[in-house]
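In the UniProt record's numbering, the protein residues as written are 1 to 276.
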């Protein structure tokens, strides 16, 4: 199995499928490379090289105690890209993966990256603050991390229908089987409990507005208008406003799990974007 050793000695697992232009797919906060169940085979089958890493603490990567801040995660990504000698990368950041992507560009530049896709991204800043009055109150973060710490399995099972269907959706209206949603929840459990809490703290509390302002590659923003985890106006609209020339595509009725609920549309959009 392919691993790369990063600066602090942690070994990170990654999948590397196909040949052609490289696409690096960065998973949502509690997920791993397996979340790309629908995108990986499709993109690799259409002439692209798909690299899908497991973030430290998740999946088949090692699970160190520390290193769940954006700086370290971005440096981990740089080690992977350098290790593989990738050029002209299409960087796809999903949810928290979008934060990793923009911090990578801020710390390491865009000389290896040709374009950026932000899908359901939590950029630029989630937390309510004096200069971010429409953000999410800090008590939501404390409630979330407390629930994770008390019973991670119950918490992840509880939020699965919200993740894929939004706040108002009845389970029977979500276009995924119960088995698929259970598998996704189990995937999120395949992680260090500390990593799960710490990446959640990172995605809530880290202000990425300056990182986003510095993005200097063509950018596609894809978001659902019913996303409860990364609200459209707080995340996608504000991110777009900070990246001149970016293109935003809104999926009507889409929640936070577009990679599964809207897989066909997203696959075609990513394929078209990576081929530009």
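Backbone N, C-alpha and C define an ideal beta-carbon position, used for all residues, glycine too.
Asked	Found
Evaluate residue 229 with the Cβ neighbour count: other Cβ atoms within 10 Å of its Cβ, from every protein chain shown; 16 or more gives buried, anything less gives exposed.	buried
Taking DSSP's pairing of strands, which residues face residue 282 in a bridge?	The structure shown does not extend to residue 282, since the chain is modelled only from 1 to 276, so the question has no answer here.
Cutting at 8 Å between CB atoms, please list the residues of its own chain near residue 234, excluding the five before and the five after it.	126, 134, 135 and 136
Take every Cβ of the stretch 105-114, pair it with every Cβ of the stretch 34-45, and state whether three or more of those distances are shorter than 8 Å.	no
Tell me the rounded alpha-carbon separation between residue 130 and residue 177.	42 Å
Taking the alpha carbon of residue 97 as the point to measure from, which residue in 85, 87 and 124 has its own alpha carbon closest?	124
Using only CA atoms, which one of 217, 94, 16 and 12 lies nearest to residue 115?	217
Less than 8 Å between the C-beta atoms of residue 48 and residue 23, yes or no?	yes
What three-state label does DSSP hand residue 138 in the structure shown?	helix
Cβ of residue 197 within 8 Å of Cβ of residue 160?	no
Just mark residue 87 as buried or exposed, buried being the case when its beta carbon has 16 or more other beta carbons within 10 Å.	exposed
Below 8 Å between beta carbons: does that hold for residue 13 and residue 54?	yes
Residue ranges of each alpha helix (DSSP H) run of no fewer than 4 residues wholly in the stretch 144-182, ordered along the chain?	152-165
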